[in-house]
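Enquirer: This is the structure I want to talk about, given as structure tokens.
Numbering (the numbering used here), first residue to last: 36 to 184.
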């Protein structure tokens, strides 16, 4: 069943906020094998001009994933999760993410299209801090493989 293209243009407001901690940043850096001191050492981060340790660029996947899952599991969209693969992911930062940030995610369905028997859904998430200032925009493309004949 093809995806419901009427979902194009829908926005999903924040459901909760996420407080970024030094520990979560360190755990993420450990998980990806990155030993950069800016992710671990507050003094090194301050010497580099940051108020606290910063998060690796893909850290926001942690909070972005929940908003994506809320969309793809919506039964009205018609997405067969067992046939979905991740096609692309991108991050455009306004500023780094710091320990102590309180972030919210608003997710948008920018486009849904069918091509070569597959459905493509393009998602955008605007991530803001407690002051409502944009920190990052993420983009993801999900591909739902069509049924083979």
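Where a beta carbon is used, it is the ideal one built from N, C-alpha and C, also for glycine.
Residues in the same chain with beta-carbon distance under 7 Å from residue 91, minus the five sequence neighbours each way, listed in chain order, please.
Expert: Closer than 7 Å at the Cβ level, and outside the excluded window around residue 91, lie 63, 64, 67, 69 and 74.
Enquirer: For residue 184, which of helix, strand or coil comes out of DSSP?
Expert: Reliability of the predicted coordinates at residue 184 is poor, the pLDDT of 42 falling under 50, and no value is obtained from them.
Enquirer: Give me, in chain order, the residues of the same chain whose beta-carbon lies closer than 6 Å to that of residue 39; leave out the 5 immediate sequence neighbours on both sides.
Expert: The residues are 112 and 113.
Enquirer: Going along the chain, which unbroken runs of the alpha helix (DSSP H) with 4 or more residues stay wholly within the segment 51-78?
Expert: DSSP runs (the alpha helix (DSSP H)) wholly in the segment 51-78: 57-67.
Enquirer: Measuring CB atoms only, is the segment 113-124 touching the segment 135-149, in the sense that at least three cross pairs come out at less than 8 Å?
Expert: At 8 Å Cβ cutoff, the stretches do not touch.
Enquirer: Using the three-state DSSP reduction, which class does residue 108 fall into: helix, strand or coil?
Expert: Looking at residue 108 - three-state DSSP - the assignment turns out to be coil, as it is neither helix nor strand.
Enquirer: Check the DSSP bridge columns for residue 149 and list the partner residues they point to.
Expert: DSSP output for residue 149 lists 154 as bridge partner(s).
Enquirer: Taking C-alpha atoms, which residue in 102, 153 and 129 lies nearest to residue 45?
Expert: Checked all of 102, 153 and 129; the closest Cα to residue 45 is 102.
Enquirer: Please confirm whether residue 160 and residue 137 have their CB atoms less than 7 Å apart.
Expert: No.
Enquirer: Going by CA-CA distance only, name the one from 57, 87, 84 and 99 that's closest to residue 50.
Expert: If we check each option's Cα against that of residue 50, 99 comes out closest.
Enquirer: What's the gap between the Cα of residue 123 and the Cα of residue 79?
Expert: Each residue's alpha carbon lies about 33 Å from the other.
Enquirer: Grouping DSSP H, G and I as helix and E and B as strand, with all else coil, what is residue 96?
Expert: In the structure shown, residue 96 sits in a helix (DSSP, three-state: H, G or I).
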